[in-house]
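Trainee: In this note's numbering, the protein residues as written are 36 to 438.
Note that CB positions come from ideal geometry on N, CA and C, so glycine has one too.
What you are looking at is a predicted structure, and each value in this text was computed from that prediction instead of being measured.
Encoded as structure tokens, here's the structure I'll be asking about.
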Ligand code: ARG
């Protein structure tokens, strides 16, 4: 078989590659760059040594931002209200890159290195199946139950050296939208995350004491400027990751419900994602008509669940995106963000299409709101409640007379 393998350069995927070679398969290793740290020279080296017939390094960052993160921002996507879907968004992006490589190389199968306990296996398999239905999807780490020792043995035969003493005590996944950290001591949900669980963010206690302000400009709901400078989504995100990281913002410590039924404790660092979602939501509060805003908020929860649960390619997600895209048309304006130790807050917003009317909102003399309108409105608004209450008390009075 010719197998396209999602390759990270780590112990598990290198051992997988070696074992496929031993079994006589041809392996095309694909390393998809979604912004995770990694030494590309070393990755290439290891793949070749382990016997890959080709290694494809795909820089998917811009595509990831435009095709996956932009819709997530339009949806203010936060699973269970807190997790901005760091890994959930990258899996369909990686699957797309794998599918392209599979087509280019005429592969029969695609393999991912996920375990059987997580969400990522679902995201890869469902996405790959939607993209190329006839491709066989393999999950060697899940299905072989390869032990650490067996993996090391496979590695030894290839001559690839990986210093496993340098391996993190955690399972880490990262991309430009954030960093996810689990396992090790974090498996006890009462245990405070040790300092080494965090990498992108300063401890708020060590953050600069003087707050700093930055202004994010949006056009059609997308971030386009930072402090007046025109930048790409990716550049704005990187700058906010850096700034938020410095101030120790964007840390999330939570227990979440995985699709496979397990609760898991996760520690995330998403300074840029959280700052952008906060700013975007705030601009929407100024600009979106009330009913649209409320319905959108309801559908955002659904969008996040669908994407978390691996159904990026579902027709419902696509239809929701059409709805969100319509809501984002003309969503222009600026949001003032203030960073202080451990906090990112909105301190102001403005928009040429704002629905906020100061003359209606004000409690000062310049008030243009007609207070006489309120009297009749409140009477009619409360009419059904008043009627129900009156009927209930009449019934109570009647039952007392009978008794
Ligand atoms: N629990 C998160 C999710 O399902 C993060 C998974 C991260 N994966 C990892 N190997 N650490 O989206």
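(1) If we call anything under 8 Å between Cβ atoms a contact, is residue 279 one with residue 306?
(2) I need the boundaries of the alpha helix (DSSP H) containing residue 247, first residue and last residue.
(3) Using only alpha-carbon positions, find the residue among 253, 275, 349 that is nearest to residue 389.
(4) Does the beta-carbon of residue 293, which I'm using as the reference point, lie nearer than 7 Å to any heavy atom of the ligand ARG?
(5) Going by the beta-carbon positions, is the gap between residue 55 and residue 90 smaller than 8 Å?
(6) Is the number of C-beta pairs between the segment 264-277 and the segment 334-351 that are closer than 8 Å three or more?
(7) Which residue wins for smallest C-alpha separation from residue 440, given the options 219, 250, 273?
(8) Measure the beta-carbon distance from residue 99 to residue 128 and round it to whole angstroms, keeping in mind my assumption that it falls under 8 Å.
(9) Going by beta-carbon coordinates alone, are residue 113 and residue 106 separated by less than 8 Å?
(10) Would you say the beta carbon of residue 154 is closer than 7 Å to some non-hydrogen atom of the ligand ARG?
(11) Consult DSSP for residue 113 and reduce its assignment to one of helix, strand or coil.
(12) What I want to know is whether the C-beta of residue 207 ends up closer than 7 Å to one or more non-hydrogen atoms of the ligand ARG.
(13) For the pair the segment 281-297 and the segment 399-410, tell me if three or more CB-CB distances fall below 8 Å.
(14) With a threshold of 16 other CB atoms inside 10 Å of the CB of residue 364, please say whether the residue is buried or exposed.
(15) In three-state terms, what does DSSP make of residue 48?
(16) Given a cut-off of 8 Å, decide if residue 82 and residue 64 are closer than it, judged by their beta-carbon atoms.
(17) Return yes when at least one heavy atom of the ligand SAH lies under 7 Å from the C-beta of residue 212, else no.
(18) Can residue 174 be considered in contact with the ligand ARG, in the sense that its beta carbon sits closer than 7 Å to one or more heavy atoms?
(19) Could you please give me the residues that DSSP links to residue 383 through a beta bridge?
(20) Going by C-alpha distance, which of 239, 329, 111 is nearest residue 374?
(21) Three Cβ pairs or more, each shorter than 8 Å: is that satisfied between the segment 211-224 and the segment 343-357?
(22) Do you know offhand how far residue 281's Cα is from residue 271's?
(23) Is the segment 312-322 close to the segment 383-399, with three or more CB pairs under 8 Å?
Mentor: If we stick to the structure as given:
(1) Yes; because the gap between Cβ atoms is below 8 Å, this pair is in contact.
(2) That residue, residue 247, is in no alpha helix (DSSP H); its beta strand (DSSP E) goes 247-254.
(3) For the residues 253, 275, 349, the minimum Cα distance to residue 389 belongs to 253.
(4) A heavy atom of the ligand ARG is found nearer than 7 Å to the CB of residue 293.
(5) No; because the gap between Cβ atoms is not below 8 Å, this pair is not in contact.
(6) In short, these stretches do not touch, since the Cβ pair count stays below three.
(7) In this structure the chain extends from 36 to 438, so residue 440 is not present and cannot be described.
(8) Residue 99 to residue 128, Cβ: 5 Å. Contact.
(9) With respect to the 8 Å criterion, residue 113 and residue 106 are not classified as neighbours on the basis of their beta carbons.
(10) Residue 154: yes, Cβ under 7 Å from the ligand ARG.
(11) Coil, per DSSP.
(12) Checking every heavy atom of the ligand ARG against the Cβ of residue 207, one is found closer than 7 Å.
(13) No: the two stretches stay apart, fewer than three of their Cβ pairs being nearer than 8 Å.
(14) Its Cβ having fewer than 16 others within 10 Å, residue 364 is exposed.
(15) Annotated three-state conformation of residue 48 is helix, per DSSP.
(16) A contact, by the Cβ cut-off of 8 Å.
(17) No copy of the ligand SAH appears in this structure; the ligands present are the ligand ARG.
(18) Residue 174: no, Cβ never under 7 Å from the ligand ARG.
(19) According to DSSP, which records beta bridges pairwise, residue 383 is partnered with 371.
(20) Residue 239 is the option with its Cα nearest to residue 374.
(21) Touching, no, given that fewer than three Cβ pairs across the two stretches are closer than 8 Å.
(22) C-alpha separation (whole angstroms): 15 Å.
(23) In short, these stretches touch, since the Cβ pair count reaches three.
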